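Peer 1: Under my numbering, the first residue of the first sequence is numbered 440, with each subsequent residue one higher.
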Amino acid sequence: MILPVHDRVRTHLLQRLGELYSLTGADAPSLVLEYPPNRDLGDLGTPVAFDLARRLRKAPKVIAQEIAAAFGTLDGITRVVAAPNGYLNVFLERPGFLLDRLNAEKPAPRQAAKAIVEHTAINPNKAAHIGHLRNSALGDTLVRVLRFRGVPVEVQNYIDDTGVQVADVIVGFRVLEGKSLAEIRAIADSTRFDYFCWDLYARVTEWYDGDKERLKHRADTLHAIESGGTDVAEIGAFIADRIVRCHLKTMARLNVDYELLTWEGDILRLKFWAQAFEVMKASGAVYLQTEGRLAGCWVMPIQEDPEAPAANPESRTPTAEGDTEDPEAREKVIVRSNGVVTYVGKDIAYQFWKLGLLGKDFQYRVFENRTSGPLWATCSTGGEHNHPPFGGASYVYNVIDVRQSYLQKLLKQALVAAGHPEGAERSHHFSYETVALSHATARELGYVLDPNSEEAKRPFVEVSGRKGLGVKADDLLDTLTRNAGREVAGRNPELSEAERDRTARMIGIAAVRYFLMKYSRGKMIVFDLEEALSFEGESGPYVQYAVVRANRIFRKIQERDHLDEQALVSSLKDVPAGELTGDNGSHELWALVLEAARLDEVVEHVIRSLEFSVLAKYAFSLAQAFNAFYHRAQILKEERDDVRRWRAAGVIYVRDQLTRTLDLMGIEVPSMM
RNA sequence: GCGCCCGUAGCUCAGCUGGAUAGAGCGUCGGCCUUCGAAGCCGCAGGCCGCAGGUUCGAGUCCUGCCGGGCGCACCA
């Protein structure tokens, strides 16, 4: 890892700057550390002299030379030079750097402040599709990178079991199909239930479209779910439970896991909202609108800038240029005039709970026992006594697509208005663009659209669960795994069927997860099946392949030289290191090692920007650099013993770092492929 | 109308709190398997970084305006 080196260099330089120019505290320049374009120039570099040039009235080059001359010595640094253009470049002590990392790459220290990451949150009424997968892949990677940096994370999956979507499937079963709970149970036991509901849901939508009067069934069903105690509610609970189990299975295939399932029904039954409502009324965050279109509703004023600190009542009055606008457009309904709380209200209560600001808790039951331990779910009554503590986090990340930005903004605003600006600050909307389908893929799924329609003119087709249009997650994984299996079998005919399937599964996961990760989150993914099925070029399997080849080298070294990795590493301190220091004429091995060391820096950047394409690109470029090195430099067959050993050591480190990087993306490395 | 996001090679996209010659994959064309595994490697071609101003020693990156596209702005979730 490289960050500790950054810290030491930075501290040392700041100290020197203080001595040289009396620049301390607020006067101290920001010390940006970067990597010179090639290793001849140095290993770390900083443009700090440019920053100081004006203040000191000296040329950058002169300043860089003065700092270099005054640098003195620092453990792990061989020399510091002023580049002719004004950069200040630092050279690292290479063999020591690599050996330190090979011997003890320690995990980041565990931090005290807990983070809650909520992701997935698929309506429990149909199978998961490619759009949901983007959410889960991003969410799960977020969990992994946070843990990598030592942050304790609680992963929650929110289950909207009382919403319109579940209601629609209930209507499908009861009204369209005329099924009882027992019959539905029989269907669930004998079919792919999430697939069955996928089709049924699409049929219900069509049926509603045929006659708007039929929407009354939805309203009645929703009401029945909320009141509870009826067989309609029981059917709803059954469907949600079964579908959630399907989703969990799908996500488990992708190495995605959770600690807690939070059920919306429990938020209702336990009256979380009532509690939050009191807090918000008391703080004036919501008020009862007495006139106009929204008369009888409890509303929250919408601020222009929710990031601004605590609302003062005056700021509510529209400014002069805003006078012409409808003032009611600046109010968001939280409780409807019929007394029913909106989604926003429920979410506010949930968010309060996540941050430990509600003063109420769920009860908890074990939803499922896994090898890794129990998966917990919320419940309203009869919960277990011995459950881990949930909620009350210092930081909250809500992984939800960009279309929910407005609501997430309201959530923060509610926190500020209720007197918790720090809670708003610690709430992050992890927003990302949606996944659409390419026209080719939509066509492949049997979706026909009118060539003269607006939709046909767009470069993509929107995924729609409502229409039953989308690539189902399990179908995609099946196809990927099947393709991978064919390849694996062709390349490794000696493999057992079980081993082949295991490998194919790992490759399939790598392909999907990498694909969903490589685009920046602000970019819509136009999903094309053919493109996603490619295992070549910038793909998850490419990165896996690099690690597999690296591993094979060591298997062979072990077989041939009877030298295990530990013994190899231990032997190095007495072996001439010209191959690494550049004395042999090439910096290639060192460049690879240095790049591999950057994982912690990359992760830091990823967390700061919540931009995971950075992680994907890092994995890919490191794999690429390794492949190029591997192609050019002999390892096994290298005759010079010192060269062979140092190359092997470098490859061990690169392999380990690549393996860690893949793990952060939920990707495993097969033993062969 | 207001708000947010996107615009970089033929296509799909990276490009860090501004820094050294703007990168990758795919596609095209041409090489490399008797060699640690070709899911690989090497090379050629391909760029007014949407447009116009501004800030800066330095702008693809920051600011303003404009153009083009997407999304959001319900007593839905």
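Idealized CB from N, CA, C, for every residue including glycine.
Just so it is clear, the structure is predicted and the values come from calculations on it, not from any experiment.
1) Is Tyr-871 closer than 8 Å to Arg-960 when the C-beta atoms are compared?
2) Spell out a yes or no on whether the segment 976-991 and the segment 1054-1071 are touching, meaning 3 or more CB-CB pairs, one atom from each, closer than 8 Å.
3) For Val-718, I'd like the list of residues in its chain whose CB is within less than 6 Å of its CB, leaving aside the five on either flank, ordered along the chain.
4) I'd like the span of the alpha helix (DSSP H) that includes Thr-781, first residue to last.
5) Residues bridged to Pro-813 by DSSP?
6) Can you have a look at His-662 and say buried or exposed, based on whether 16 or more other CB atoms are within 10 angstroms of its CB?
7) What runs of the beta strand (DSSP E), each 3 residues or longer, lie entirely inside the segment 477-540?
8) Look at the alpha carbon of His-571 and the alpha carbon of Asp-680, and state the distance between them as a whole number of angstroms.
9) Helix, strand or coil for Ile-1074, going by three-state DSSP, please let me know.
10) Is the separation between the beta-carbon of Ala-1064 and that of Leu-1011 shorter than 8 Å?
11) Can you tell me whether Met-440 is helix, strand or coil according to DSSP?
12) Could you give the uninterrupted runs of the alpha helix (DSSP H) lying entirely in the segment 582-642, keeping only those of 4 residues or more?
13) Tell me the DSSP secondary structure of Val-1008 in three-state form.
14) Does the Cβ-Cβ distance between Val-874 and Val-900 come in under 8 Å?
15) For Leu-1061 versus Val-1093, is the C-beta distance shorter than 8 Å?
16) In chain order, what residues of the same chain have a beta carbon less than 8 Å from the beta carbon of Ile-506, not counting five sequence neighbours either side?
17) If the criterion is Cβ atoms closer than 8 Å, does the pair Ala-985 and Leu-1097 meet it?
18) For His-868, write down the residues that DSSP places opposite it in a beta bridge.
19) Are Phe-801 and Asp-705 closer than 8 Å when you measure CB to CB?
20) Taking DSSP as the reference, what is the three-state secondary structure of Val-1093?
21) Take every Cβ of the segment 547-565, pair it with every Cβ of the segment 528-537, and state whether three or more of those distances are shorter than 8 Å.
22) Can you check the segment 922-1010 for any alpha helix (DSSP H) of at least 4 residues that lies completely inside it and give the ranges in chain order?
23) According to the neighbour-count rule (16 or more other Cβ atoms, all chains shown, within 10 Å of its Cβ), is Thr-1100 buried or exposed?
24) Taking just the CA atoms, how far does Met-963 sit from Trp-1085?
25) Relative to the alpha-carbon of Asp-1000, which residue among Glu-1077, Val-471, Ala-1035 and Glu-864 has its alpha-carbon at the smallest distance?
26) Between which two residues does the alpha helix (DSSP H) carrying Ile-1046 extend?
27) Less than 8 Å separating the beta-carbons of Val-605 and Pro-563?
28) The beta strand (DSSP E) with Ala-875 in it runs from where to where?
29) Find the nearest neighbour of Gly-731 within the set Asp-600, Glu-770, Leu-876 and Leu-495, judged by alpha-carbon distance.
30) When the Cα atoms are used, what is the spatial distance from Ala-576 to Ala-1058?
31) Does the segment 931-941 come close enough to the segment 1029-1045 that 3 or more CB-CB pairs lie under 8 Å?
32) Which one of Arg-447, Ala-1036, Arg-613 and Arg-631 has the shortest CA to CA distance from Lys-688?
33) By how many angstroms is the C-alpha of Arg-583 removed from the C-alpha of Arg-944?
34) Helix, strand or coil: how does DSSP classify Thr-756 here?
35) Sort out for me which residues DSSP pairs His-568 with in a bridge.
36) Using 10 angstroms around the beta-carbon of Ile-664, count the other beta-carbons present and answer buried if the total reaches 16, otherwise exposed.
Peer 2: Let me spell this out:
1) yes
2) yes
3) Ala-857
4) First-last for Thr-781: undefined, no H or E at that position.
5) Asn-808
6) exposed
7) 483-485, 516-521 and 527-531
8) 18 Å
9) coil
10) no
11) coil
12) 603-610 and 620-629
13) helix
14) no
15) yes
16) Leu-452, Arg-455, Leu-456, Leu-459, Val-487, Ala-488, Val-519, Ala-521 and Leu-527
17) yes
18) Asn-837
19) yes
20) helix
21) no
22) 936-956, 968-971, 979-1000 and 1004-1010
23) buried
24) 44 Å
25) Glu-1077
26) 1038-1048
27) yes
28) 874-876
29) Glu-770
30) 16 Å
31) no
32) Arg-631
33) 20 Å
34) A caution first: Thr-756 carries a pLDDT of 34, below 50, which makes its placement in the model unreliable, though a value can still be read off. If DSSP states are grouped into helix, strand and coil, Thr-756 belongs with coil.
35) Lys-911
36) buried
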